[in-house]
Amino acid sequence: MTEKEKMLSGMIYDAFGEEELTQERLAAKNLCYDFNLIRPHEEEQQHELLERLLGKIGKSCKIVAPFFCDYGYNIELGENFFSNHNLVILDCAKVKFGKNVFVGPDCGFHTAAHPLNVEERIAGLEYAYPITVGDNVWFGAGVHVMPGITIGNNAVVAAGAVVTKDVPDNVLVGGVPARIIRKL
3 MTEKEKMLSG MIYDAFGEEE LTQERLAAKN LCYDFNLIRP HEEEQQHELL ERLLGKIGKS
63 CKIVAPFFCD YGYNIELGEN FFSNHNLVIL DCAKVKFGKN VFVGPDCGFH TAAHPLNVEE
123 RIAGLEYAYP ITVGDNVWFG AGVHVMPGIT IGNNAVVAAG AVVTKDVPDN VLVGGVPARI
183 IRKL
């Protein structure tokens with residue numbers, strides 16, 4: 003089994019142990035670099051570059067630069083997606099956003115993590131679990147979503163939250179770690 007196959011199946015893998023993954027990351031980072039240099043008024047050019055970079059992008063999607071990701075092909079944006087400045091998506095596993103998702107500035111969606119075992123961590127091993135975001139979700143500024151999380155429909159994640167557990171539909175969550183504040 004290749005390191006890429008291990009990565010995509012949620013197993014521990016060596017992200018630097020295979021040339022294919024290294025080259026795919028480099029290609030995505032080069033496209034992110036190009037995207038981040040496009041003038042803000044050149045929205046058609048931005049959208050075209052995102053179509054090349056991302057696995058799926060709906061109509062009326064907008065990411066305000068700068069934007070960074072690992073591979074790009076594991077990211078799916080639903081219709082009417084909007085993200086403000088400094089979006090980071092570590093997409094070693096699938097990251098799927100539903101429709102009408104709004105992301106504040108300085109947010110991160112992190113599918114990748116490292117083992118707690120010190121020897122494995124020092125060896126550069128990691129694992130990745132998918133993140134799924136439902137429809138009509140709003141993320142305040144500075145939110146971080148950890149590996150393997152599902153965010154339900156119509157949820158609001160308050161600014162500064164660190165999401166370490168699944169979020170059900172129709173709730174406001176906040177804090178570190180994020181917890182349900184109230185139903186919406």
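Here the sequence shown is numbered in the working numbering, starting from 3 and rising by one per residue.
Don't be surprised by glycine CBs; every beta carbon is placed ideally from N, CA and C.
C-alpha distance - residue i paired with residue j, whole-angstrom precision
i: F99; j: F18; result: 28 Å
i: E81; j: G142; result: 19 Å
i: P170; j: K185; result: 10 Å
i: A67; j: I59; result: 16 Å
i: N138; j: V105; result: 11 Å
i: K167; j: T113; result: 13 Å
i: T4; j: C34; result: 26 Å
i: K101; j: R123; result: 36 Å
Buried versus exposed, by CB contacts within 10 Å (16 or more), residue i
i: P149; result: buried
i: H146; result: buried
i: L92; result: buried
i: L56; result: buried
i: E78; result: buried
Three-state secondary structure assigned by DSSP to residue i
i: K31; result: helix
i: T152; result: strand
i: K64; result: strand
i: D171; result: coil
i: D16; result: strand
i: L56; result: coil
i: E128; result: strand
i: L23; result: helix
i: K101; result: coil
Whether residue i touches residue j by CB criterion (8 Å)
i: Y75; j: R27; result: no
i: M196; j: A115; result: The structure shown does not extend to residue 196, since the chain is modelled only from 3 to 186, so the question has no answer here.
i: A157; j: P132; result: no
i: F83; j: C63; result: yes
i: D16; j: L127; result: yes
i: C109; j: G136; result: no
i: P179; j: V164; result: yes
i: L51; j: I65; result: no
i: E21; j: K6; result: no
i: V97; j: F70; result: no
Close Cβ partners of residue i (< 7 Å) along its chain, the five nearest in sequence each way excluded
i: P190; result: Here the chain has residues from 3 to 186 only, and residue 190 is not among them.
i: R54; result: L33
Sequence-distant residues of the same chain with beta carbon closer than 6 Å to residue i, five excluded per side
i: I182; result: V173 and V175
i: G12; result: Y131
Contact set for residue i: own chain, Cβ-Cβ below 8 Å, skip 5 residues either direction
i: I14; result: K8, P117, E122, L127, E128 and Y129
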